[in-house]
Amino acid sequence: MNLFEWLKPRAKKTPLQAHQLDRLKKLPVCANLSDKPLRQQRWVVLDLETSGLNMNRDQVLSMGAVVIEDGAIDLGQQFERTLLRVDHKISPAVLIHGLAPSAIAAGSEPVEALLDFMEFVGDSPILGFHAPFDQHMLSRALKESLGYRLQHPFFDAAEIAPMLCEHANLRHAGLDDWTRFFGLHAEERHHASADALVTAELALILFSHARRQQIDSPLRLEEALGQWRRRRQSHSF
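Residue 32 in UniProt numbering sits at position 32 of the sequence shown, with consecutive numbering throughout.
Structural data, given as structure tokens:
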């Protein structure tokens, strides 16, 4: 960003309408992590496509999510939106996500799309692949569009997989690496809904591995991840 772009006045945010404020107030508070079995937990598996990888400047362009419930992917619970971005500029990222300017210009208003998504999430934990990026980008979008602070717990399949499958010897592996390792087939990649679906398929395999290692609740999974992170940190010194 050059100096002139930095000094340009930012566009004022349009105030939320009464019905939007009402929906915002009715969003459920995120639940504490449960100690009930993993298969009894409703999970929202999320993937975002963005205008780039700069977490402070780039924008969410599309959102795709599926639900894992009762130990299976519920195809009756899916979410997909492309967001309207009037100031969107074509970037090299279009070569990856394939979202044409016409699709973005015809997208949903961000306020409505984000409210729809948070109603879809409810009080469920969110799971993704390289989830910290999606968590930051979603948090920023919610804050900028709704003034909403995201507090839902996020789980990262990119951490869960190597923690549970050390024998795979896959370090710094991407989603494609893990899908190949487990023999999964992705119909389409770098499309939010398709990536969310293959991440959900991977998550079901990982939950099965977790149960065999006596990690059978969201709370226990978070505790195990914390211990794994600390071990990795200590080994790096």
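Idealized CB from N, CA, C, for every residue including glycine.
Item	Value
Comparing C-alpha positions only, which one of E159, R57, L16 sits nearest to G226?	E159
Measure the alpha-carbon distance for M163 versus A203 and round it to whole angstroms.	13 Å
Candidates V60, A72, Q59, E144: which alpha carbon is nearest Q40's?	A72
To the nearest angstrom, report how far apart C30 and P125 are at their CA atoms.	8 Å
List the whole-angstrom C-beta distance separating L197 from F181, where the pair is believed to meet the contact cut-off of C-beta under 8 Å.	Between F181 and L197 the Cβ distance is about 18 Å, and since that is not below 8 Å, they are no contact.
Cβ of S34 within 7 Å of Cβ of P153?	no
Between the C-alpha atoms of L21 and G147, what's the straight-line distance to the nearest angstrom?	10 Å
Along the chain, which unbroken stretches of the beta strand (DSSP E) at least 3 residues long are found entirely within the segment 123-175?	126-128, 154-156
Could you check whether L127 and S139 sit closer than 7 Å to each other, using their CB atoms as the reference points?	no
Compute the beta-carbon to beta-carbon distance between D58 and D134, rounded to the nearest angstrom, for a pair I have assumed lies under 8 Å.	In fact, because the Cβ distance is near 12 Å, the residues do not count as touching under 8 Å.
Going straight from the alpha carbon of E49 to that of L24, what length do you get?	24 Å
With DSSP as the reference, label S62 as helix, strand or coil.	strand
Just verifying my parser: in three-state terms, what is the DSSP assignment at E109?	coil
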